[in-house]
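K.L.:
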Amino acid sequence: MNAILSTHALGRTFRTRGGPLHALSDVSIDCMPRHSLGVVGESGCGKTTLNRLILMLDTPTEGEVRFKGKPLRMLSVAERRAYRRAVQPVFQNPYSSLNPRLRVRRIIREPLAANTDLSGPQIDARVDEVLEAVGLTARDANRLPAEFSGGQRQRIAIARALASKPELMLLDEPVSSQDISIRAQILNVLTELRDEYGLATLFVSHDLATVRFMCDEVVVIYLGRIVEHGPANLICTAPRHPYTQALLAATLPADPDAPAMAVPPEGEIPSPLAPPPGCAYHTRCPFAREICRSVRPRAEADEAGGAVACHMVNQGGW
Amino acid sequence: MQNVTFRAALVLLALFVLTAVFGPYLVEHDPLKGSLRARLEPPLWAGGTSEHLLGTDRLGRDMLARIVSGARISLTVCVVVIAIAGSIGTALGMLSGYVGGWLDRVLMRLVDLALSLPVILLALLVGAVSGPSFGNIVLVISLVLWSQYARMARGETLRVKNEDYVDLARTSGLGHVRIIARHILPNIAPALIVVATLQVGVVIVLEASLSFLGVGVPPPNPSWGSMVADGRSYVVTAWWVSLFPGIAILLVVMAVNIVGDALTDRINPALRGRTA
Amino acid sequence: MQDHGFIRGSLAALAACAVALPVMAQSEDDTLVVALPTFSEQTMTPWGGSGQRKTYLDTVYEYLVYLDAEGNTEPGLAESWTVENDGTRWTFTLREGVPFSDESCGTVTAEDVKYSIERLIAEDSRAGPASTMRRIIDTVETPDERTVVVNLSAPDFLLDAGYFGEAQQLGIVCKSYSESQGEAVDSAPPVGTGAYVLESLVDGSEINMVRRDGDHWRVDPQWERISFRAVPEEATRVAMLRAGEADIAPVNFDSIAGLEEAGIRIVSAEKTWSPVIRLGGVVQSDPERFNAELPWADKRVRQAMNYAIDKQTIIDELFAGQGTVASGDTPVAAWDSVPPYPYDPDKARDLLAEAGYADGFDMVLKTFTTTPGAELPLMAEAAALYLAEVGINATIEPTDWPSVRSEWTGGGKLDFAMTHRGFPFPNPENGVEAGFSERSLFASFTSDELEAKLASLAAETDRAERREKLTDIGQYIRDEAGAIFMVLANEPYGVGADVSDWSIDTSYVYNFDRAGKAQ
Amino acid sequence: MTRLIMGRLAEALAALLLMSLAIFLLSRVTGDPVALLLGDGATAEDRDLLIAQLRLDRPLWEQYISFLGNALTGDFGQSVAAGRRDALELVLDRLPASLSLAGVALGFTLVTGIAMGVLAAITRGSAVDLLVRIVALLGQSVPAFWLGIVLIYIVAVQWGWLPTSGYGTTAHYILPALTMGTFTLAAVTRLVRASMLDALGSEYIKLARIKGLPEATVILKHALSNSLIPVVTFMGAFFATMITGAVVVETVFAWPGIGRLAYESIVSRDFPVIQTVVLVITASFILANFCVDMLYLAIDPRMRDRG
Amino acid sequence: MTLLSIRNLTVRLGRDALAPTILEEVSLDVMPGETLGLVGESGSGKSTLGMSVLRLTPPRLAEGTSGEILWDGRDILTMRGRDLRALRGAEISMILQDPMASLNPVFSIGSQLTEALRRAGRSDLMQAAEAALAEVRIPSPAERLRSYPHQMSGGMRQRVVSAIGLAQEPRLIICDEPTTALDATIQYQFLELLRALQGAHGMAMLFVTHDFGVVARICDRVAVMYAGRIVETGPVREIFSNPRHPYTRALLAAVPSTSTAPDRLPVIEGAPPSIGNRPGGCAFHPRCPMAGPDCQRQPPMERLAPRHEAACWRAREEAAA
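Protein chains in written order, with the working numbering: chain A, 1 to 318; chain B, 1001 to 1276; chain C, 2001 to 2519; chain D, 3001 to 3307; chain E, 4001 to 4321.
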């Protein structure tokens, strides 16, 4: 059973006035059917670039993205339409995801009209169905985005993604701009839909707690490179890469007695224009040694199916 | 305070458009026919006769009739200029904002050049080439004013292009043309409407200056601008010849600017004032 | 050579500005301020441009012959002069000891006069009458210091009152000074024998003349300074008169009432120009330029157009009564006896019906402004109103003089009419020739019969006989309705209270150096 | 930074070249000057003589190449009408009058516009705010020549405070500069009011108030400094409207500037002068825009890094 | 004694008594040196409360403000211009949410810092500024004084804003969601810095946030707000371990944690009421699982444990049982 979507040593470098910017390098992930993969990283780590490459909004400078094993740039027109049906995105900002001048019905119709051969009435039926699925009503189809709250707008965006019965939902920080009570509701809607429609999800976020709830497996990215990869429960309870540890501790739990982080990271996140040599995290890592400053660590797989790119871990700690 | 003036301005604008469209049928005098004997007659309350409520001009033609038909001509000049300048400017601005890169730089340089065109000198040259005519004026004014639409359309297109719903449309495989037509144009239209309203004033006043230099709307049909220009040497002896069209211009431009500003605040406050 | 001129020119200009500033500041009562519509080419030599520059140049340059109020000749720089050989040989005897403003030039000699004539008719001369004078002047001899003999290639009995008179452009310059300036003489300060000399010049804004020391042989200048200002906008000139900032300024007819109310007196040059509507394409004697299909190719249509327009009302209303109904296109004394067309719209309609245009026709009437001639577009619209009454639909097409002129002199078949200010030639024969002789590029109406009449006039040597033939030509052109003759108009000037007496008799004779100062 | 400057210079030259070609063709097409210069009774021979003299008989492109060649050496040809005076000299004589008037007018517009804009922003929504905007709008809705003539009659004739027209002492500058500046006043006021409102609503103004700074410092130092940036970017366009207005204002106030020279040379079809004056006007625009860019870099540190 | 005492503060959208309210009868005290958390979802009015203390609310809200805010016995709401300016910066200071917009883009960091230091009467401005930047752990402070805001990262800017806030040694700093715009690790470092600065300067902090993790990390006491009212206040440990008000309980439960992964998150139905349409009585009752008929009446704030109060009929009954 091969992956719906996979990336192979994917990389993207932008030419800017200040020199080459390595937004993403050597990223390989697999999205298996009915499986949810989380991608975690702070701003500037390349999450957005990864999304744009997957959604064909941008083309990679290294490596490639494959849809069911076939590189995207080789897809035929029909295959491309199939890909556009199978992979559906939901973005972070609900106020920017919906065209303010289109009624909800036409917003949801757009992907269907473009990529399916459904007739008008069939499309309208599908619109009503997905609106019900996300907890809205068919009546809402005739209203304009301005008449909905932030939470409701996000539900409409999810309905739009659901409409072409995708195999994989690409969720780019879908809840991070919502209040706690709305966030919980949307996360529940997503998990229900995932189970009901047997969807795979690629959940991109900066918040480990939300990823823990949503995902089976987690990939941690720092400055465009994968630093750790493994099952969600292990990553969130026994992180091995120092950055993952820092990220976990920085995801402050709602518990006053939670132990403070042993050794917090220092300094600023380096600029992707000038990524530090060797292990990119060495400038902030409390355990950094000479080898970290010169040699880039390889991600070595471990028995639990995860992998860590850290000299200390690969050498069994020091 | 704000919405009282806004409503007043709307009423004024409506009056302007109605006068322009239906006016000529309501007024009994022919704006082009006059009797030399009844030349430069003052308005009724300043010693004139009820025959000519607002007095007569230097060829004895009825001022009221001329202002009414002048409204139509001035409005037509505005509408045509806005149509030409608007469409060219919006198209180029959208293209430059959407495509970006070297095309964007070239077009923006063109906009700067257009902004720095001495429109009056150009009008003079074109007027001299083929004689002042309605077509020439409209062409010359549009040649300069399109740049304001281009600048606004480009800015707005850049803003809308970065919205998620455009990315969503592209991931659904929509072509560039469909994306521009369905997502970009409807969302930048309000800002362009504001530029159009604010430009009505600029066009009318510019046409008046061209008439002053003899390359305005050709006689005998009156535009407000040419009426003010014709009346300039009677400022003391027959003040009403240029005063009434002057006041008409004043009211319309004020109304247009108040409506324009109000629309700006309602649509996108960040645009306020950017339509300098 | 080029750089030299450039540097000298800008230095002169800067110096002029510096000098002008203080003068400007204390422009109180001892300066006569004349506000002019334009300085035209603003060149300082008689041959450097059109006659409009005589406003300021005539305070510096003087002429061989002057004219009195009635237009009769008076001795100027020429004490006396005789004409023999059937009007083709003129001998002028110069007045003695008239000093130029620049001492190095000494007094006026025959050489100076010969040089002045030759420069005026030279090929690069820009003077108005240069080309016509070049055709009739054959040679100029200077037998001695005070005698100038001019041999003509064709008889001209009015050379003294005409081309050599004060109304034309033959200003006498100092030969040595002019040759020393070389090419830059056009912008160099002018050296003449007049009562004033250039004090300062601000390019495009002011030309200030200051009175020369000592008594002047011809005039007794009252004002220490005469300051000419270029003020193109008529409303501004009227404002300057009312504010007392200008003493004399040409004004539009419509401003006359307002000015008189404000206590500014109006002095008018009588019948100096004749606004006319010229009908294109009626050069019947030249097949290339005669457009037979035109409605007004038919004499009756031309006459109808003359009957259709109420010219007296136009004069009363648009020209504030300052003029008389015209029967010709040039203010010529010999044509005073020719009766103008009365206003008779019914007759006009009958004539049109006769000619087959009962329901009228369309035509294009091009119009533009000149100096004088600000009222031409207004006159065009007024005429169009009257023509419309008899079914002639005249479309007004505003344009400007250069483009109409190049079309009109293009030599092709014309199909439009134009308003024109007429040809104000003091010498009537030149006026007639310009408008109605086949040879002239500007001809608007000719016929074989008219060509014959003109030829016999040119050959006539007897003065009384010539006047007879001229009147006959005027009557013929009137009967043939060679154009729509409109007005013999005056040129009104506003004159402030500081000026006691100042008159302007004929066109292009401004007498600013004779303006009196009220005490 | 220097790359930006070089880029701009190259664009400026291209614009100048483009403009010179356009004007050259346009003025040639408007009927040749010969007809104008012919004496009233001239004949065909006189015309041919003049054409040869002015070298107008050669093909158009040849005339343009020779014009361009000479122009590079500062020789813009001689005025056809004004007694063969050097065209460039003629224009440069008049340039100081126009530049000084435009400068004074721009100064008046900026000072008044900024003051009114700030006042309107501070008293937002009040009667003062509305009054200021209406006064500014008045400027934009009145044709310059009408305002000029009315000002002459009221201020110079009725009250006699100022000279009606002419050039020379500082008193002469007031009315023309006022007339020329009023049109742009509305644009400046509106722009300053808008950017002031943006600035006043910003976080850094809140922080300034949190520091306990007096309100005057908050408004004049912190808010105004930011809201002047858009004014600078539009300075180039304001300068353009100034020069455009110059043709009308210089005619009404008898001001010996290049605006009027351009108008008169076009009416008299004086090609060399037309080309020279339009090129000088365009060059001064491009120079003005260039200075605006440099000024913009000076006052906005964010731009410096991007340059 | 209390440092700051807010009594019955009510803020309406304009002067008219019937205008919709943003804050309703809020009473709160801040002790010297204490860090009081103010937590709630958007629309709860927590930011407006923070802004009202220094009277920085927009004019329309300022007109609709009533009640008292006492500082050293003086009511800030009735202070006039000069006294208010003397209070701002010197007595009470603030750190705002968006570091990108808090600093004036056209002035250097040095000039914006010395502006505050000068008000504090410091003469040796350059040294003081350098020291202030060093204290907030900004590398090579001397150079940084000359750089401009756009040349610094979000985290660094927020530290500059803190230095500015502390420049005049205020006794209270109001932090309006200062870390919301920062990444997790940067937020963690900033909170550590704030705790260190509080240790060194001893100032009290009023910390407005929507993140319970931040509250747990930095606050001594916390007040939970809902629909413009304070529904519960108490010591941090007390609130986290034994929340009394149903809303507080539901909120704490709805926050996903890294330690456990339930199948479904406990959900609060509906959405927080917008300012215009707040239900009568206890504003939470339409969404409250334990709501009863008596919830139509506004429950008063009741002391249910030492320094632990809540406004809920059910909570009173539980406490009594």
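Ideal Cβ placement from N, Cα and C applies to all residues, glycine included.
Grouping DSSP H, G and I as helix and E and B as strand, with all else coil, what is G4199 of chain E?
P.N.:
Counted from its first residue, the fifth sequence places residue 4199 of chain E at position 199. Note: G4199 of chain E maps to helix in three-state DSSP.
K.L.:
Identify whether L1012 of chain B lies in helix, strand or coil by the three-state DSSP scheme.
P.N.:
Working through the second sequence from its first residue, we reach residue 1012 of chain B at position 12. The answer is helix: DSSP assigns L1012 of chain B an H, G or I state.
K.L.:
Tell me which residues share the same chain as V130 of chain A and place their Cβ nearer than 6 Å to its Cβ, disregarding the 5 neighbours each side in the sequence.
P.N.:
In the first sequence, residue 130 of chain A corresponds to position 130, counting from 1. A159, L162, A163.
K.L.:
Which value, in whole angstroms, describes the spacing of the CA atoms of T3184 of chain D and G3125 of chain D?
P.N.:
Locating residue 3184 of chain D in the fourth sequence gives position 184, counting from the first residue. Locating residue 3125 of chain D in the fourth sequence gives position 125, counting from the first residue. The straight-line gap from Cα to Cα measures roughly 23 Å.
K.L.:
Can you name the residues of chain A whose CB is closer than 7 Å to the CB of Q4187 of chain E?
P.N.:
Stepping through the fifth sequence from its first residue, residue 4187 of chain E is reached at position 187. Those within 7 Å of Q4187 of chain E in chain A are A250.
K.L.:
Kindly indicate which residue of E:E4025, E:G4081, E:M4031, E:R4287 has the alpha-carbon position closest to the one of L4054 of chain E.
P.N.:
Taking the fifth sequence and counting its residues from 1, one reaches residue 4054 of chain E at position 54. Selected option, being the one with the closest Cα: E:G4081.
K.L.:
For T3244 of chain D, which three-state DSSP category applies?
P.N.:
To locate residue 3244 of chain D, count along the fourth sequence from 1; it is residue 244. Note: T3244 of chain D maps to helix in three-state DSSP.
K.L.:
Return no unless some Cβ of chain D is closer than 9 Å to the Cβ of P2402 of chain C.
P.N.:
Position 402 of the third sequence, counted from the first residue, corresponds to residue 2402 of chain C. For P2402 of chain C, the answer is yes, since a Cβ of chain D falls inside 9 Å of its Cβ.
K.L.:
Let me check one thing: in DSSP terms, what residues is D3086 of chain D bridge-paired to?
P.N.:
Taking the fourth sequence and counting its residues from 1, the one referred to as residue 3086 of chain D is at position 86. Per DSSP, D:Q3078.
K.L.:
Answer yes or no: do D319 of chain A and R4237 of chain E have a C-beta to C-beta separation smaller than 9 Å?
P.N.:
One cannot answer for residue 319 of chain A here, as it falls past the ends of chain A, which runs 1 to 318.
K.L.:
Are the region 4162-4171 of chain E and the region 4108-4123 of chain E in contact at 8 Å, needing three or more beta carbon pairs?
P.N.:
Counting Cβ pairs under 8 Å, three or more are found: they touch.
K.L.:
Locate the beta strand (DSSP E) running through R323 of chain A, then write down its first and last residues.
P.N.:
Examination of residue 323 of chain A is not possible in this model, given that chain A is present from 1 through 318 alone.
K.L.:
9 Å is my cut-off, CB to CB: does L4056 of chain E come that close to chain A?
P.N.:
Within the fifth sequence, the letter at position 56 stands for residue 4056 of chain E. Cβ-Cβ to chain A under 9 Å: no for L4056 of chain E.
K.L.:
Run through chain D and tell me which residues come within less than 7 Å of P3956 of chain E, C-beta to C-beta.
P.N.:
Examination of residue 3956 of chain E is not possible in this model, given that chain E is present from 4001 through 4321 alone.
K.L.:
Buried or exposed for V1177 of chain B, please, with buried defined as at least 16 other CB atoms from any protein chain shown within 10 angstroms of its CB.
P.N.:
Numbered from its first residue, the second sequence carries residue 1177 of chain B at position 177. With fewer than 16 other Cβ atoms within 10 Å, it is exposed.
K.L.:
For chain D, check one thing: does any of its Cβ atoms lie closer than 9 Å to the Cβ of S1142 of chain B?
P.N.:
Residue mapping note: residue 1142 of chain B aligns to position 142 of the second sequence, counting from 1. No - not a single Cβ of chain D is within 9 Å of the one on S1142 of chain B.
K.L.:
Does chain B have any CB closer than 9 Å to the CB of L2414 of chain C?
P.N.:
As a first step, residue 2414 of chain C must be located in the third sequence, where it is residue number 414. For L2414 of chain C, the answer is no, since every Cβ of chain B falls outside 9 Å of its Cβ.
K.L.:
So, using beta-carbon positions, are V27 of chain A and G63 of chain A closer together than 9 Å?
P.N.:
One-based indexing of the first sequence puts residue 27 of chain A at position 27. One-based indexing of the first sequence puts residue 63 of chain A at position 63. Yes; because the gap between Cβ atoms is below 9 Å, this pair is in contact.
K.L.:
Look at the alpha carbon of R3158 of chain D and the alpha carbon of G1060 of chain B, and state the distance between them as a whole number of angstroms.
P.N.:
Residue 3158 of chain D sits at position 158 when you count from the first residue of the fourth sequence. Residue 1060 of chain B sits at position 60 when you count from the first residue of the second sequence. The sequence given here has Gln at residue 3158 of chain D, not Arg. Taking the straight line from one Cα to the other gives about 29 Å.
K.L.:
Once you ignore the five residues that flank D2505 of chain C on each side, which residues in its own chain have a CB closer than 6 Å to its CB?
P.N.:
As a first step, residue 2505 of chain C is located in the third sequence; it is residue number 505 there, counting from the start. The answer, listed in chain order, is A2069.
K.L.:
Pull the bridge partners of C4175 of chain E from the DSSP assignment, please.
P.N.:
The residue labelled residue 4175 of chain E in the question sits at position 175 within the fifth sequence. C4175 of chain E is bridged to E:I4095, E:F4207.
K.L.:
For G4234 of chain E, which residues does DSSP report across the bridge?
P.N.:
Here residue 4234 of chain E refers to the residue found at position 234 of the fifth sequence. In DSSP, G4234 of chain E forms a bridge with E:V4222.
K.L.:
Is the distance from the Cβ of S2104 of chain C to the Cβ of T2093 of chain C below 9 Å?
P.N.:
Numbered from its first residue, the third sequence carries residue 2104 of chain C at position 104. Numbered from its first residue, the third sequence carries residue 2093 of chain C at position 93. No, Cβ-Cβ distance for S2104 of chain C and T2093 of chain C is not below 9 Å.
K.L.:
State the Cα-Cα distance for the pair S2040 of chain C and Y2056 of chain C, rounded to the nearest angstrom.
P.N.:
Counting from 1 along the third sequence, the entry for residue 2040 of chain C is found at position 40. Counting from 1 along the third sequence, the entry for residue 2056 of chain C is found at position 56. When rounded, the distance between both Cα atoms is 11 Å.
K.L.:
In the structure shown, what three-state DSSP assignment does H1320 of chain B receive?
P.N.:
The requested residue 1320 of chain B is not part of the displayed model; chain B covers only 1001 to 1276.
K.L.:
If I follow the unbroken alpha helix (DSSP H) through T191 of chain A, where does it start and stop?
P.N.:
In the first sequence, counting from the first residue as 1, residue 191 of chain A sits at position 191. Segment 180-197, the alpha helix (DSSP H) holding T191 of chain A.
K.L.:
Using the Cβ count rule (16 or more neighbours within 10 Å means buried), how would you classify F1022 of chain B?
P.N.:
Here residue 1022 of chain B refers to the residue found at position 22 of the second sequence. Its Cβ having fewer than 16 others within 10 Å, F1022 of chain B is exposed.
K.L.:
Going by DSSP, what residue range makes up the beta strand (DSSP E) through W3146 of chain D?
P.N.:
In the fourth sequence, residue 3146 of chain D corresponds to position 146, counting from 1. No beta strand (DSSP E) holds W3146 of chain D; the alpha helix (DSSP H) holding it covers 3144-3151.
K.L.:
To the nearest angstrom, how far is the alpha carbon of S2027 of chain C from that of D3048 of chain D?
P.N.:
The count along the third sequence starts at 1 and reaches residue 2027 of chain C at position 27. The count along the fourth sequence starts at 1 and reaches residue 3048 of chain D at position 48. Because S2027 of chain C sits at a pLDDT of 45, beneath the cut-off of 50, its placement in the model cannot be relied upon, and the following sentence gives the value as read from the coordinates. Each residue's alpha carbon lies about 47 Å from the other.
K.L.:
Would V2149 of chain C and R2089 of chain C qualify as a contact pair, given that the criterion is a beta-carbon distance under 9 Å?
P.N.:
Looking up residue 2149 of chain C in the third sequence gives position 149. Looking up residue 2089 of chain C in the third sequence gives position 89. Their beta carbons are under 9 Å apart, which means V2149 of chain C touches R2089 of chain C by this criterion.
K.L.:
Mind reading off the beta-carbon distance from L3101 of chain D to A3177 of chain D? Whole number of angstroms is fine, and I expect it under 8 Å.
P.N.:
Along the fourth sequence, one-based indexing puts residue 3101 of chain D at 101. Along the fourth sequence, one-based indexing puts residue 3177 of chain D at 177. Sure, about 6 Å apart at Cβ, within 8 Å.
K.L.:
Ends of the alpha helix (DSSP H) at R3209 of chain D?
P.N.:
Residue 3209 of chain D sits at position 209 when you count from the first residue of the fourth sequence. Taken as a continuous stretch (DSSP letters only), the alpha helix (DSSP H) holding R3209 of chain D covers 3203-3210.
K.L.:
Does the region 1068-1087 of chain B touch the region 1014-1033 of chain B, meaning 3 or more C-beta pairs lie closer than 8 Å?
P.N.:
Short answer: they touch.
K.L.:
What separation, rounded to the nearest whole angstrom, lies between the Cα atoms of G4040 of chain E and C292 of chain A?
P.N.:
Sequence index remark: in the fifth sequence, residue 4040 of chain E carries index 40 (1-based). Sequence index remark: in the first sequence, residue 292 of chain A carries index 292 (1-based). Their Cα atoms are separated by approximately 43 Å.
K.L.:
For M4290 of chain E and C4312 of chain E, I'd like the C-alpha separation in whole angstroms.
P.N.:
Start at 1 with the first residue of the fifth sequence, and residue 4290 of chain E comes out as number 290. Start at 1 with the first residue of the fifth sequence, and residue 4312 of chain E comes out as number 312. Each residue's Cα considered, the two are about 10 Å apart.
K.L.:
Determine which residues of the region 4097-4110 of chain E have a Cβ less than 7 Å from any Cβ of chain D, and write them out in chain order.
P.N.:
So the close ones are D4098, A4101, S4102, L4103, N4104, P4105, V4106.
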